[in-house]
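Undergrad: So that we are looking at the same thing, I have put the structure below in structure tokens.
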Amino acid sequence: MAEVSRRTAEERSIAELLGELSHDMGLLVRQEAQLAKSEMRGTLARVATDLVSRSRAKYYPGSSPLHVRLVHTPDGRLLGGQLAGREGAAKRIDVLATALYARLTVADVAALDLSYAPPFAPVYDPVVAVAAKAARSVASTAGSASQPAASTMGGSS
Numbered sequence: 000m001a002e003v004s005r006r007t008a009e010e011r012s013i014a015e016l017l018g019e020l021s022h023d024m025g026l027l028v029r030q031e032a033q034l035a036k037s038e039m040r041g042t043l044a045r046v047a048t049d050l051v052s053r054s055r056a057k058y059y060p061g062s063s064p065l066h067v068r069l070v071h072t073p074d075g076r077l078l079g080g081q082l083a084g085r086e087g088a089a090k091r092i093d094v095l096a097t098a099l100y101a102r103l104t105v106a107d108v109a110a111l112d113l114s115y116a117p118p119f120a121p122v123y124d125p126v127v128a129v130a131a132k133a134a135r136s137v138a139s140t141a142g143s144a145s146q147p148a149a150s151t152m153g154g155s156s
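Those letters in the sequence shown? Residues 0 to 156, per numbering that gives the first Met the number 0, in order.
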């Protein structure tokens with residue numbers, strides 16, 4: 000018997016909005032996952048957080064740079080991401096595509112517990128590391144916004 004899809008109409012529309020692209024440029028692979036540009040149009044503010052990490056544990060032979068970019072709103076909603084590097088980009092883009100589908104925030108992605116094995120990944124996976132950097136940025140922005148403004152008026156009570 001066929002499994003009946005229990006996804007709601009809203010979940011189906013999100014699935015249709017998601018895009019995943021892969022570009023093989025010789026030795027360099029560039030991957031990106033993002034919400035459709037139609038959803039990002041308008042007044043939605045966007046922030047990019049970038050990080051250059053390693054594809055494997057740095058002491059492991061064959062490790063190469065991996066450039067990671069997350070695109071998110073100032074309050075932490077994940078909108079997309081890009082990876083570029085000689086290896087590891089194709090493996091990691093699926094994490095971002097899944098995070099977008101599940102509507103995870105950058106803090107949610109930072110909390111993921113991804114596998115570690117020196118031949119395949121550093122201790123802190125590049126996707127998790129850039130998400131942690133983005134989450135710190137969101138938290139510091141939110142913290143400064145919630146602080147009461149210093150009074151510029153003189154006098155004492």
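Even glycine gets a Cβ: it sits at the ideal position worked out from N, Cα and C. Keep in mind that this is a model prediction, so the values were computed, not measured.
Can at least three beta-carbon pairs, one atom from the segment 46-53 and one from the segment 108-117, be found at a separation below 8 Å?
TA: These segments do not touch.
Undergrad: Can you find the residues in the same chain that come closer than 8 Å, C-beta to C-beta, to R45, ignoring five residues on each side of it along the sequence?
TA: Excluding residues within five positions, the ones whose Cβ falls inside 8 Å are M39, V70, H71, T72, L78.
Undergrad: Hey, quick one: how far does the beta strand (DSSP E) through D49 stretch, first residue to last?
TA: 46-53 is the span of the beta strand (DSSP E), which, as asked, contains D49.
Undergrad: Opposite V70 in the DSSP bridges: which residues?
TA: Answer by DSSP bridge pairing, in chain order: A47, G79.
Undergrad: Confirm, please, whether the CB-CB distance from V127 to V105 is below 8 Å.
TA: Not in contact: V105 and V127 (Cβ atoms no closer than 8 Å).
Undergrad: Would you grab the beta carbon distance between L82 and L99 for me? Rounded to a whole angstrom, and I think it's under 8 Å.
TA: Not really, about 14 Å apart at Cβ, beyond 8 Å.
Undergrad: My output table needs one value for L65: the three-state DSSP class, helix, strand or coil.
TA: Residue state, collapsed to three classes: strand.
Undergrad: Considering only residues of the same chain and omitting the five flanking positions on each side of S136, which have a CB-CB separation below 7 Å?
TA: T48.
Undergrad: On the criterion of 16 or more Cβ atoms from any shown chain inside 10 Å, does S62 qualify as buried, or is it exposed?
TA: So S62 ends up on the buried side.
Undergrad: Strictly by DSSP, which residues pair up with T104?
TA: Partner(s): R76.
Undergrad: State the Cα-Cα distance for the pair A88 and G142, rounded to the nearest angstrom.
TA: Using only the alpha carbons, I get a separation of about 33 Å.
Undergrad: Would you call P118 buried or exposed, if buried means 16 or more other Cβ atoms sit within 10 Å of its Cβ?
TA: So P118 counts as exposed.
Undergrad: Should A56 and P121 be called a contact, given that it needs their Cβ atoms to be closer than 8 Å?
TA: Their beta carbons are under 8 Å apart, which means A56 touches P121 by this criterion.
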